[in-house]
Amino acid sequence: MSTPSPLELERSNFTGSEDIAMNSSEVLSKIYADARFKQSTAIIALFILSYVLTFALCIVGNSMVCFVILKIPRMRTVTNYFLLNLAVSDLLVAIFCMPFTLLDNIVRGWPLGNVMCKLTPAVTVVSVVASVFTLVAIAVDRYYSVVHPTEPKPSTRTLIQTVAVIWGLSFVIMIPQVLLIEEGVMSYKNTIFLHLCMETSPLWSKVYSTIIFLCCYITPMAVIACLYAKIGFTVWAKPTPGGDRAPKEIKEQDFRKKVKVIKMLMVVVILFAFSWLPLQTIFMLYDYGDLSVHTKEVMDIYVYPVAHWLSYCNSCMNPIIYGYFNQNFRNAFKSIFSSRYLEFFYKRKSVKDSRRPMNNQGDVDLIEIKTGQNDHDCNL
C-alpha cells in the first residue's frame, strides 16, 4: 500500500491552480529545498539503523532455518516444511519489502519509476500475506498434533496443496494492489517537480484496505489465538506421568514444562498482534478517520515508519520463536556448527600432524549427527 504523503494531500495546491501566487521557479525551489526528505538527519539515521538491524536479523535467522531443514534429512518433516515456507516468505519480506519501504518512508516522492511502483507493493503483499497465512497453517498443524494426536498425519500431498493454496491466495490478494496503484506526477505549468507512487481510486483503496485488515490481520489473529488457547488447555489438562503417586520432583518438573509451553503460546499470539496492530490501525485511520492535514503529516513522517518497522520485526522474530525455541532445531543448529568446527579443527590438526613423524594413532571419526524428530513436533 502506498504511503499518504503530505505533499500528496496538498497536491491540488501545486497542479496549476489559478490561486497560486508563486511562479514555477519559486515552487520548484520550495519543493527541492524543504521536501526532499521527510525527517531530520538524526531521525533518518535512526530509521536506517533500525531497518538495517532488522534486515540482518531476518536474513540470518531465516536463512539458518532453511539451511537446517534442507541440510539434515531428519528435519525434512511435514511440520518443518511449513516452517521452511514461513522462512522463505520472511526472506522475501526482508529482501523485497524492507529496503523499498525504508526509501518510501524517508524520501518524498517515488524515484524508482512506474514499473517498480507497481512491482514493489505487489511483492510486498504476496510475501507478507504468505507469511501470515503460513503462521495460521502452523497453528492448525500444531493443533491437530496436540489436541487430536490420533488423527492421521498430514501427507506430503496435503503439504503441497496447503502451500499452493497459501501462495495462490497471496497472489489473488495482490492483484487489486497492482491495479490500484501507479506512478503519478506533481507539476506546475507543465513543469514536473515530483513523482509519486499513489493509489488512483480512494473508494476502492478503502475497500481493499478493509479486506486486508479482515483477511490478513483480524481473521488470522483470531484463528491463531483460538487454536493456541485450545492447545494450552489441552497441555494443562494432561495428567502428570505417574498421576498422584508421582514424586514431587516429577510433578514440579511437569508443571514447569506446562507453564513454559503456555508462555510460549502466549508469546506467539501477543507478538503477532502487537507487531501488526499499529500498521493496520494506521491504514484504517487513513481511510476512515477524519484526520487533519497536520495530523496525517505527523503520522506519515514519524508514526508510519515505526509501525512498518514493527510489522517487519515479526519476520525476524519468527525464526527465533519457531526455530530456536524448538528443541529439535536447537539440536540441529548445534550439530551442524559443532560438526563444522570439529571438521575444521581436525583438518588443521591433520595438517600439523602430517609434518610430524608418523605414529600408530588411529583415525578420528567425526561423530554422526542425529536429530530425533517426530513428524508432529510440538516443541515451542
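At position 243 of the sequence shown (counting the first as 1) the number is 243 in full-length UniProt numbering, and the numbers step up by one without a gap. Note that CB positions come from ideal geometry on N, CA and C, so glycine has one too. Quick caveat: nothing in here was measured; it's all calculated off a predicted structure.
Worksheet item: Quick one: is residue 270 buried, meaning 16 or more other Cβ sit within 10 Å of its Cβ, or exposed?
Response: exposed
Practice prompt. Classify residue 289 as helix, strand or coil using the three-state DSSP reduction.
Written response: Looking at residue 289 - three-state DSSP - the assignment turns out to be coil, as it is neither helix nor strand.
Worksheet entry | Opposing strand residues paired with residue 37 [DSSP bridges] | 107
Discussion item. My assumption, with CB atoms under 8 Å, is that residue 217 sits in contact with residue 276. Please give the rounded CB distance.
Written reply: With a Cβ gap of about 5 Å, residue 217 and residue 276 count as contacting.
Worksheet item: residue 48: which of 288, 101 and 253 sits nearest, CA to CA?
Response: Selected option, being the one with the closest Cα: 101.
Worksheet entry | Three-way DSSP call (helix, strand, coil) for residue 83 in this model | helix
Fill in: Below-8 Å beta-carbon distance, residue 285 vs any chain B residue
Looking for chain B here will not work: only one protein chain is present.
Worksheet item: Span of the alpha helix (DSSP H) holding residue 135?
Response: 113-146
Worksheet item: Bridge partners of residue 199, per DSSP?
Response: 181
Discussion item. Strictly by DSSP, which residues pair up with residue 277?
Written reply: DSSP output for residue 277 lists no bridge partner at all.
Fill in: Contacting residues, own chain, Cβ-Cβ under 7 Å from residue 143 (five flanking each side not counted)
227, 230 and 231
Worksheet item: Anyone know if the C-beta pair for residue 209 and residue 284 falls short of 8 Å?
Response: yes
Item to complete: Evaluate residue 98 with the Cβ neighbour count: other Cβ atoms within 10 Å of its Cβ, from every protein chain shown; 16 or more gives buried, anything less gives exposed.
Response: buried
Worksheet item: In chain order, what residues of the same chain lie with their CB nearer than 6 Å to the CB of residue 312, ignoring the 5 residues before and after it?
Response: 54 and 98
Item to complete: State the CB to CB distance for the pair residue 104 and residue 62, rounded to an integer number of angstroms; the pair is presumed to be in contact (CB under 8 Å).
Response: Not confirmed; about 23 Å, so no contact.
Discussion item. Please classify residue 81 as buried or exposed, where buried requires at least 16 other C-beta atoms within 10 Å of its C-beta.
Written reply: Under the 10 Å beta carbon count, residue 81 is surrounded by 16 or more other beta carbons and is classified as buried.
Practice prompt. Using three-state DSSP, classify residue 326 as helix, strand or coil.
Written response: DSSP places residue 326 in coil when its eight states are reduced to three.
Worksheet item: When DSSP labels each residue in this structure, what does residue 67 get in the three-state scheme?
Response: Residue 67 falls in the helix class under three-state DSSP.
Item to complete: Return the CA-CA distance between residue 43 and residue 194, expressed in angstroms with no decimal places.
Response: 23 Å
Worksheet item: Of the choices 174, 86 and 128, whose alpha-carbon is the least far from that of residue 162?
Response: 86
Worksheet item: Would you report the Cα separation of residue 118 and residue 198, rounded to the nearest angstrom?
Response: It is roughly 10 Å from the alpha-carbon of residue 118 to the alpha-carbon of residue 198.
Fill in: Alpha carbon of residue 320 to alpha carbon of residue 236, nearest angstrom
Answer to the nearest angstrom: the Cα atoms are 24 Å apart.
Practice prompt. With DSSP collapsed to three states, give me the class of residue 76.
Written response: coil
Discussion item. Output needed for residue 124: all residues of its chain with C-beta closer than 6 Å, excluding positions within five of it in sequence on either side, in chain order.
Written reply: 97
Discussion item. Could you compute how far the alpha carbon of residue 310 sits from the alpha carbon of residue 278?
Written reply: Those two C-alpha atoms are separated by around 8 Å.
Worksheet item: Are there 16 or more other CB atoms within 10 angstroms of the CB of residue 22, so buried, or fewer, so exposed?
Response: Note that residue 22 scores 49 on pLDDT, short of 50, meaning its location in the model is unreliable; the coordinates nonetheless yield the value given after this. Exposed, since its Cβ has fewer than 16 Cβ neighbours within 10 Å.
Worksheet item: Once you ignore the five residues that flank residue 287 on each side, which residues in its own chain have a CB closer than 6 Å to its CB?
Response: Hits under 6 Å: 206 and 209.
Practice prompt. Kindly list the residues whose CB is nearer than 7 Å to the CB of residue 139, restricted to its own chain and excluding five residues on each side of it in sequence; keep chain order.
Written response: 223, 224, 227 and 228
Worksheet item: According to DSSP, is residue 206 helix, strand or coil?
Response: helix
Worksheet item: Smallest Cα separation from residue 184: which of 56, 306, 41 and 108?
Response: 108
Worksheet item: What does a CB cutoff of less than 6 Å around residue 129 pick up in its chain, not counting 5 residues either side in sequence?
Response: 170, 173 and 216
Item to complete: May I ask whether a heavy atom of the ligand SAM can be found less than 7 Å away from the beta carbon of residue 316?
Response: What this structure holds is no ligand at all, so the ligand SAM is not there to describe.
Discussion item. Can you tell me whether residue 150 is helix, strand or coil according to DSSP?
Written reply: In the displayed model, residue 150 falls within coil according to three-state DSSP, outside both helix and strand.
Worksheet item: Would you report the Cα separation of residue 167 and residue 260, rounded to the nearest angstrom?
Response: 33 Å
Discussion item. So for residue 319, helix, strand or coil by DSSP?
Written reply: It is helical.
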